[in-house]
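Q:
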Amino acid sequence: MRSVLLSSAAAGNGGLVMVIAYVIIIGAFFYFAMIRPQKKERQRMQAMFDRLAVGDSILTNSGFYGVVIAIEDDTVIVEFGNNKNCRIPMQKSAIAQLEKADESASGEGEKK
Numbered sequence: 048m049r050s051v052l053l054s055s056a057a058a059g060n061g062g063l064v065m066v067i068a069y070v071i072i073i074g075a076f077f078y079f080a081m082i083r084p085q086k087k088e089r090q091r092m093q094a095m096f097d098r099l100a101v102g103d104s105i106l107t108n109s110g111f112y113g114v115v116i117a118i119e120d121d122t123v124i125v126e127f128g129n130n131k132n133c134r135i136p137m138q139k140s141a142i143a144q145l146e147k148a149d150e151s152a153s154g155e156g157e158k159k
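The structure is reproduced here in structure tokens:
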């Protein structure tokens, strides 16, 4: 009888170890599938905002192209279109892509 109790206790510990292993595996999956990519994207966006300078061409999240004419703390003033009178303040977080002014000038020269 004692051996039956000991064997069932050993089997119970094995089940607990498996549950803990599954929790660790699922936690690692969530980290590598969700949390880590978001952290990398946040770092990429912060690096883009740090490189942002007056005269850079940007693409907004809503699909508009413009040129940065002034930068404040978390706000940029963007000039849209050829009119030069359409200046709109917007949050830095609304910027989707950045093209540096010197890169675009050198890129146009290489294409010709």
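Going by our numbering, the letters in the sequence shown line up with residues 48 to 159, in that order. From the three backbone atoms N, C-alpha and C, an ideal C-beta is built for every residue, glycine too.
1. Does DSSP classify L99 as helix, strand or coil?
2. Could I get the ranges of all uninterrupted alpha helix (DSSP H) runs contained in the segment 69-139, with 4 residues as the minimum, in chain order?
3. Which of the three DSSP states, helix, strand or coil, is assigned to G62?
4. Among N132, V114 and M137, which one has its Cα closest to the Cα of A148?
5. In angstroms with no decimal places, state the Cα-to-Cα distance between F77 and K86.
A: So, from the listed chains and residues:
1. The count along the sequence shown starts at 1 and reaches residue 99 at position 52. Collapsing the DSSP output to three states places L99 in coil.
2. Along the segment 69-139, the alpha helix (DSSP H) occurs as fully enclosed runs of 4 or more residues at 83-98, listed in sequence order.
3. Within the sequence shown, the letter at position 15 stands for residue 62. Under the three-state reduction of DSSP output, G62 falls in the helix class.
4. Reading the sequence shown from its first residue, position 101 is the one you call residue 148. Considering only alpha carbons, the answer is V114.
5. Numbered from its first residue, the sequence shown carries residue 77 at position 30. Numbered from its first residue, the sequence shown carries residue 86 at position 39. Rounded to whole angstroms, the gap between the alpha carbons of F77 and K86 is 13 Å.
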